[in-house]
Structures are given as C-alpha cells and as structure tokens.
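> Sharing a structure here in structure tokens format.
Right under this line is the structure:
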C-alpha cells in the first residue's frame, strides 16, 4: 500500500555535513557557551571579593528553599496521583488537573493572588490573639519563608505531577492492583511496591522542581521575607545596578546547578532506569 512506505535515511557527506553541524552548533555557541565563558571570566575576576560569608548565606538560602519545595511538590504530586488511581472520580480528576495550572500562570500573578488569602489569615489570627496578647500579632504568614515555599509548590506542582503520573502508568502498571488483590492495604502497596519502582522518576521530578525554584525570580521578589536574598534575587539586584561582574558568580552558580539534573537523568537512562519527564 502507498500508505506504508519505507523510511529512507540519508547520510550527509562533505560540505553538507559541516553546514549541518554549523547550523546546529551556532545556537548553542551564542546562546550558551559564549555567555557561560563570559560569566566564568567575570567570576574569576571578582572571586576573592564575591566568595565570602554572604555568598555562602545566599547558597544556603537558595538550596534550602529549593530542597524543601522540591520535596513537598513531589510528595503532593504522589498523593494526588495515587488518590486519583484509587478513586478516579470526576471531582478528583478535576482537582488533579486544576492543581497543574500553576505552571502556566506567571510567578508574579501567583504571588499577588496568594497575598490576599495570606493577609486574610493573618488578620484573623491577629484578631483572635488581640484579647490574649493585648496587641496585634502582626503578620505571621505573609512575608515568611513558609509562604514562599507554599507559593513555590503551587507554581511548580505540575513539574512534579506530570512525571509522577506518567511513571505510575509506565512503571507500576497492574502491580499495585495485584498487590491489593493479595490483601495489602493501599498505603502498604504504595510503600512496598510503587515507591521502589518510582525511585528514579521521583528523583528526576524533584531535580526538575529544584532547578525551577532555584531560578525563580518574580515570585521570590514579591513574597520573600525582609533581608532574605537568594542567588536569583542577588543576581537580579546586581545586574540592575549594572554590576555585571559581581552578578556573574550567582548567575554562574544557577547555570551550573541547572546542568546537574541533565547529567543525572542521562546517567539513569544509560543505566536503564528511565524516569519519565
């Protein structure tokens, strides 16, 4: 039949091969290699002054926020996906789809939208504590690290939700149903059967959320506590003041850390433990 034709592969030779290589290499050269080399050169110039106690605090703040947010996002994604698998009602399916909308909304919009419920809760807490403390309790949620982590989870839940959902469909298959038919409870099935099989997928999803949180800027600028900076906010502040050399260290750190998930996921693929991302 004419609908099924054999696929013919052509191997480029001579000048055509080099032209194809240049077409593919120029975007990588101009979009990645040249900026990274320039950032590295600036970082070497300012390294004695930039690598101080404040830079260590920035790294700890950024990595701490990214680690906690990644863990909570993956845990929430695992809970949502497993709940839908146990009880695939229209309400739960709709809730699972709604929980993934945060990634399509700009971070600044999410930050402004979360300020209203945070302020409302703070006012209720202050009104309740006023008779006891004799004065307002102040802002207990708004402008705190907890509010920032919650906003990160809302923003990047879809980054963890899609790999976990695909991992359940691809890796687990009917094994959890078989475990349930043998008398195991849902939680025991999740702990003993699903989690060991999803280890690579969960690690990959956590790394993706980690990198996204590390480089998130608008949401962090709006909801961060006072006198609390991250690598992204520090790079933005210094670059806005045209101190590009000083901003290069923080920016280069974000770039280098962003490359780590690529190497880890590629290594897992080579080993045959293929996380669905």
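Residue numbers (this note's numbering): 590 to 866.
Positions of the beta carbon are idealized from the N, C-alpha and C atoms, including for glycine.
Predicted, not measured: the structure shown is a model, and the values here were computed from it.
1. If you reduce the DSSP assignment to three classes, tell me which class residue 730 lands in.
2. How would you call residue 848, buried or exposed, if buried means at least 16 neighbouring beta carbons within 10 angstroms?
3. By DSSP, does residue 695 sit in helix, in strand, or in coil?
4. Evaluate contact between the stretch 763-770 and the stretch 788-803, counting only Cβ atoms and requiring at least three cross-stretch pairs below 8 Å.
5. Could you give the distance in angstroms between the alpha-carbon of residue 655 and the alpha-carbon of residue 830?
6. Less than 8 Å between the CB atoms is what I'm expecting for residue 748 and residue 671, so what's the real figure, rounded?
7. Pick helix, strand or coil for residue 601, following the three-state DSSP scheme.
8. My guess is that residue 837 and residue 632 are in contact by the Cβ rule of under 8 Å, so how many angstroms apart are they, rounded?
9. Which residue's Cα is closest to the Cα of residue 663: 676, 734 and 745?
10. With a cut-off of 8 Å on the beta carbons, I'd call residue 794 and residue 805 a contact; round off their distance for me.
11. How is the alpha helix (DSSP H) around residue 631 delimited, first residue to last?
12. Taking 8 Å as the limit between beta carbons, can you name the residues of its chain near residue 682, skipping five residues before and five after?
13. Considering Cα atoms alone, identify which of 668, 839 and 856 is closest to residue 647.
From the atom records:
1. Three-state result, residue 730: coil.
2. Flag for residue 848 reads exposed.
3. Three-state result, residue 695: coil.
4. Here the stretch 763-770 does not lie against the stretch 788-803, with fewer than 3 beta-carbon pairs under 8 Å apart.
5. The alpha-carbon atoms of residue 655 and residue 830 are separated by roughly 26 Å.
6. Not quite, the Cβ-Cβ distance comes to about 18 Å (not below 8 Å), so this is no contact.
7. Residue 601 falls in the coil class under three-state DSSP.
8. By a beta-carbon distance limit of 8 Å, residue 837 contacts residue 632. Their separation comes to about 5 Å.
9. Distances from the CA of residue 663 to each of 676, 734 and 745 were compared; the closest alpha carbon is that of 745.
10. Wrong, their Cβ atoms sit about 17 Å apart, outside the cutoff.
11. For residue 631, the enclosing alpha helix (DSSP H) has its first and last residue at 623-639.
12. Within its own chain, the residues whose Cβ lies closer than 8 Å to the Cβ of residue 682, once the five positions on either side in sequence are excluded, are 673, listed in chain order.
13. The shortest C-alpha separation from residue 647 is found at 839.
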